[in-house]
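Since the structure comes first, as structure tokens, the remarks are kept for the end.
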Amino acid sequence: MKNVWVTRSAAVRSAKLDQVCAAAVDLARSAVTEVDPSEVGPHLDAVAEGERLVTHYFACETPGYRGWRWAVTVTRVSRSKHVTICETVLLPGSEALLAQSWVPWQDRLQPGDLGVGDLLLTPADDDRLVPGYTLSDDPAVDEVTWELGLGRIRVMSKEGREETAQRWYDGDHGPDAAIATAAPKAARCVTCGFYLPLAGAMRQAFGVCGNMFAPDDGRAVSNDHGCGAHSEALAENATPEELPTVYDDGEVESVED
197 MKNVWVTRSA AVRSAKLDQV CAAAVDLARS AVTEVDPSEV GPHLDAVAEG ERLVTHYFAC
257 ETPGYRGWRW AVTVTRVSRS KHVTICETVL LPGSEALLAQ SWVPWQDRLQ PGDLGVGDLL
317 LTPADDDRLV PGYTLSDDPA VDEVTWELGL GRIRVMSKEG REETAQRWYD GDHGPDAAIA
377 TAAPKAARCV TCGFYLPLAG AMRQAFGVCG NMFAPDDGRA VSNDHGCGAH SEALAENATP
437 EELPTVYDDG EVESVED
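Rendered as structure tokens:
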């Protein structure tokens, strides 16, 4: 497409402006004033699109279309003075207000967008999933599946697990999270008594926090994540400081023997 565009642009630049077509301003204006003449402003330019092919531009006065231009392309047959209209279109100019580019829903959807009652359909060709009757590339999962005869229609593929692991590791429950960097260096999840390792290949790097007082309780965390609720963050036994005895003489009552 790039080469085609460059070729067309070069052809437009080298095209000579046909004077007969360029003079047909009134004809071009009539093509866009049939609906409402008040929406067509002054003539802005005439651009040669090719041999005996000219596009006339008019300012658009339609409310809400500031910066837009009416474009009317006209042409004529060789050795003929009769000009005809090819097409009309409303085009945005350099100052036109444009809507954002349309993005497919599957690209707009972000983690956390799914709410109560929402239904998210998983594509049949989702790369993150593979049929449950095939090996999942996870030795631990495959071994349990064959031994117990259990299975699901689809399970996570190796690509799906790697994508999930990277997302978790780079997110708020990985080693670079603010709460992890602020915690003591020794307070890592892998050494915490509340750390519950996952099964399968994910066990090597992730587990679930089981500390009800930790901010990550019930969430998957990396083994090098950390927080101040580490199980071994014990208070040191402090030796009480010995203080001298102090008497309040103002409250002492004198008693005779």
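The opening position of the sequence shown corresponds to residue 197 in our numbering, with each subsequent residue numbered one higher.
For every residue, glycine included, the Cβ atom is placed at its ideal position computed from N, Cα and C.
| said: Are the CB atoms of L325 and S297 within a distance shorter than 7 angstroms? | reply: Start at 1 with the first residue of the sequence shown, and residue 297 comes out as number 101. Start at 1 with the first residue of the sequence shown, and residue 325 comes out as number 129. Not closer than 7 angstroms, so no.
| task | Could you tell me the distance, in whole angstroms, from the CA atom of R275 to the CA atom of L249? | result | Taking the first residue of the sequence shown as position 1, residue 275 is located at position 79. Taking the first residue of the sequence shown as position 1, residue 249 is located at position 53. C-alpha separation (whole angstroms): 14 angstroms.
| Cβ neighbour criterion (16 or more within 10 Å) applied to V299 | For the purposes of this step, residue 299 is identified with residue 103 of the sequence shown, where counting begins at 1. Exposed, because fewer than 16 other Cβ atoms sit within 10 Å of the Cβ of V299.
| query | Given A255, which residues of its chain have a CB within under 7 angstroms of its CB, disregarding the five upstream and five downstream residues? | reply | Numbered from 1 along the sequence shown, position 59 holds the residue referred to as residue 255. Cβ neighbours of A255 beyond the five flanking positions: G237, P238, L240 and R265.
| field | From A227, L316, A218 and T258, residue whose alpha carbon lies closest to that of V243 | value | In the sequence shown, the residue the question calls residue 243 occupies position 47. Among A227, L316, A218 and T258, the Cα nearest to that of V243 belongs to A218.
| query | Does the beta carbon of T360 come closer than 7 angstroms to any beta carbon on chain D? | reply | Protein chains in the displayed structure number just one, and chain D is not present.
| task | Excluding the 5 residues preceding and the 5 following A336 in the sequence, name in chain order all residues of the same chain whose CB lies nearer than 8 angstroms to its CB. | result | Position 140 of the sequence shown, counted from the first residue, corresponds to residue 336. Once the five neighbours on either side are set aside, the close Cβ partners of A336 are A395, G396, A397 and R399.
| request: Pull up the distance between the alpha-carbon of R350 and that of G328, whole angstroms please. | output: Taking the first residue of the sequence shown as position 1, residue 350 is located at position 154. Taking the first residue of the sequence shown as position 1, residue 328 is located at position 132. Looking at the two C-alpha atoms, the distance is approximately 4 angstroms.
| request: Leaving aside the five residues before and after V404 along the sequence, list all residues of the same chain whose C-beta is less than 6 angstroms from its C-beta, in chain order. | output: Translated into positions along the sequence shown, residue 404 becomes position 208. Only L392 and A416 meet the Cβ criterion.
| field | Extent of the continuous alpha helix (DSSP H) to which A224 belongs | value | Within the sequence shown, numbered from 1, the residue matching residue 224 stands at position 28. A224 -> alpha helix (DSSP H) spans V221 to S226.
| Helix, strand or coil for T229 per DSSP? | Taking the first residue of the sequence shown as 1, we reach residue 229 at position 33. The DSSP-derived three-state label of T229 is coil.
| Is S234 buried or exposed, if buried means 16 or more other CB atoms sit within 10 Å of its CB? | If you number the sequence shown from 1, residue 234 lands on position 38. Within a 10 Å sphere around the beta-carbon of S234 sit fewer than 16 other beta-carbons, which makes this residue exposed.
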